[in-house]
Amino acid sequence: MKIAVLKERRADERRVAATPETVKKFVGLGVEVAVESGAGAAAHYSDDDFQGAGASIAADPAATLAGADLILKVRRPIMEDENGDNELTRMRSGQALIAMLNPLIRRSDCDAYAAAGIDAYAMELMPRISRAQGMDVLSSQANLAGYKAILDATEEFGRALPMMMTAAGTIAPAKIFVMGAGVAGLQAIATARRLGAVVSGTDVRPVAKEQVESLGASYVMVEDAESAQAETEAGYAKEMSEDYQKKQAALIAETVAKQDIVICTALIPGRAAPILLDEAMVASMKPGSVIVDLAVENGGNCALSEMGKVVDVNGVKIIGHANFPSRLAVDASNLYARNLFNFLSPHIDGENGTLSFDFEDETVSGVCLTRGGAVIHPMLTAKC
Numbered sequence: 005m006k007i008a009v010l011k012e013r014r015a016d017e018r019r020v021a022a023t024p025e026t027v028k029k030f031v032g033l034g035v036e037v038a039v040e041s042g043a044g045a046a047a048h049y050s051d052d053d054f055q056g057a058g059a060s061i062a063a064d065p066a067a068t069l070a071g072a073d074l075i076l077k078v079r080r081p082i083m084e085d086e087n088g089d090n091e092l093t094r095m096r097s098g099q100a101l102i103a104m105l106n107p108l109i110r111r112s113d114c115d116a117y118a119a120a121g122i123d124a125y126a127m128e129l130m131p132r133i134s135r136a137q138g139m140d141v142l143s144s145q146a147n148l149a150g151y152k153a154i155l156d157a158t159e160e161f162g163r164a165l166p167m168m169m170t171a172a173g174t175i176a177p178a179k180i181f182v183m184g185a186g187v188a189g190l191q192a193i194a195t196a197r198r199l200g201a202v203v204s205g206t207d208v209r210p211v212a213k214e215q216v217e218s219l220g221a222s223y224v225m226v227e228d229a230e231s232a233q234a235e236t237e238a239g240y241a242k243e244m245s246e247d248y249q250k251k252q253a254a255l256i257a258e259t260v261a262k263q264d265i266v267i268c269t270a271l272i273p274g275r276a277a278p279i280l281l282d283e284a285m286v287a288s289m290k291p292g293s294v295i296v297d298l299a300v301e302n303g304g305n306c307a308l309s310e311m312g313k314v315v316d317v318n319g320v321k322i323i324g325h326a327n328f329p330s331r332l333a334v335d336a337s338n339l340y341a342r343n344l345f346n347f348l349s350p351h352i353d354g355e356n357g358t359l360s361f362d363f364e365d366e367t368v369s370g371v372c373l374t375r376g377g378a379v380i381h382p383m384l385t386a387k388c
């Protein structure tokens, strides 16, 4: 079997889908690995590093894909309706594509994969079961995004975060409010606490209260009968009723006005990100305050955030960087590459290096979008 590792071509993407560490492991299982020249450069992995691990270096995408059975990418291929070359046209029928494919938003892409005969696997649909924790790309990347959100906030914030007692007087600690206590939010809370800020957090899922408080932060939430049922069986947040959202918004508005930094992390799979901070809430914050919107690529949690920009609204800076994990490309690539290896290695025969997916395994069936020229994932066929 041959694995092709392509260079990412989106302007904001610095990650790579394999590292010398995982290449060495694949080669040890009898797998041939071809890496496109320069694929790891933005994450500080040279062609020589990959070659030393046992990979061959291919000059361009065509050479990388030639004879490949499996294609590893970080992000979905650039498609016909986007600027740039259509990456799907370079792939051939019978190849398998593994990446973060965003299928619930880009449903039409799945039809294109099927029409091209590509077996597509979307890693962000990995079931959240204990056995799959090492394959969970959403968690590995969100963890880094939450950490980076705090660092980016401190860069724009004109004050120190911890309380400081000096001969000239005492500096009060910064107040940080984290909206959404998933993996990214909890890491943001932990990082902010380590830096000495006074931290609070909120989430619609009742289980998050204990998690937030265990990190030393206070919890902000309207607690009622609806909030007790605010989590799906898969562990994701449900969209709440309009009445609940109004009550929560009033509490949040009161809380936001007192904050120095607000970190927004709320996402709903397959839906636009919910607006958590409206214009009035932003206006209530003191000049010099900072908002970081980790959901900006899905529409944003802040009504005034702009993807790829830091905007200033009456002295309040709103950070909307695209692709936060890619801003820590070395660690993000390491974790993502390990996620892919952990997913694939149980299905590789170490004797002859062949790959045979077990579709009775929910880690396989849970992420497979297309197979044999058809869209097969239940979350997609239900939308047809």
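Mapping of the sequence shown onto our numbering: position 104 corresponds to residue 108, and the numbering continues sequentially without gaps. Glycine included, each C-beta is placed from N, C-alpha and C at the ideal position. Treat the numbers as computed from the prediction; the structure is a model and nothing was measured.
- Residue 141: member of the alpha helix (DSSP H) spanning 141-160, first to last residue.
- According to DSSP, residue 169 shares a beta bridge with 174.
- Contact fails between the segment 91-100 and the segment 35-54, because fewer than three Cβ pairs, one in each stretch, are under 8 Å apart.
- In the three-state scheme derived from DSSP, where H, G and I count as helix and E and B as strand, residue 256 is classed as helix.
- Between residue 192 and residue 150, the beta carbon gap of about 4 Å places them in contact (Cβ cut-off 8 Å).
- When the five nearest sequence neighbours on each side are left out, the beta carbons in the same chain lying within less than 6 Å of the beta carbon of residue 329 are those of 145, 148, 149 and 336, in order along the chain.
- Counting the other CB atoms within 10 Å of its CB gives residue 377 a total below 16, which places it among the exposed residues.
- Around the Cβ of residue 278, a 10 Å sphere holds 16 or more other Cβ atoms; the residue is buried.
- Fully contained in the segment 57-106 are the following beta strand (DSSP E) runs of length 3 or more, in chain order: 60-62, 74-79 and 100-104.
- Residue environment for residue 367: buried (at least 16 other C-beta atoms within 10 angstroms of its C-beta).
- A contact is defined here as three or more CB-CB pairs under 8 Å, and the segment 267-277 meets this definition with respect to the segment 300-314.
- Using a Cβ-Cβ distance cut-off of 8 Å, the segment 159-178 and the segment 128-146 are not in contact, since fewer than three pairs of beta carbons, one from each stretch, lie closer than that value.
- Look at residue 337 here: in three-state DSSP terms it is helix.
- Residue 25 sits in a helix when the DSSP states are folded into three classes.
- Residues of the same chain with a CB within less than 7 Å of the CB of residue 121, apart from the 5 flanking positions on each side, are 97, 98 and 377 in chain order.
- For residue 193, the uninterrupted alpha helix (DSSP H) segment begins and ends at 187-198.
- Rounded to the nearest whole angstrom, the CA to CA distance from residue 19 to residue 51 is 15 Å.
- Listed in chain order, the non-local C-beta contacts of residue 163 below 8 Å within the same chain comprise 175, 178, 264 and 292, local neighbours out to five positions each way being set aside.
- Linking residue 129 to residue 370 through their CA atoms gives a straight-line distance of about 6 Å.
- DSSP, read as helix, strand or coil, puts residue 222 in strand.
- Across the structure, residue 247 and residue 227 are spaced so that their CA atoms are roughly 13 Å apart.
- Membership of residue 364 in any alpha helix (DSSP H) is not indicated, and neither H nor E is assigned to it by DSSP.
- Here residue 48 is exposed, its C-beta having fewer than 16 other C-beta atoms within 10 Å.
- If you compare the alpha carbons of 298, 115, 153 and 60 with that of residue 72, the shortest gap goes to 60.
- Under the 8 Å Cβ criterion, the segment 280-287 does not count as touching the segment 211-227, having fewer than three qualifying pairs.
- In the pairwise beta carbon analysis, the segment 153-163 is classified as not touching the segment 351-361: fewer than three pairs are separated by under 8 Å.
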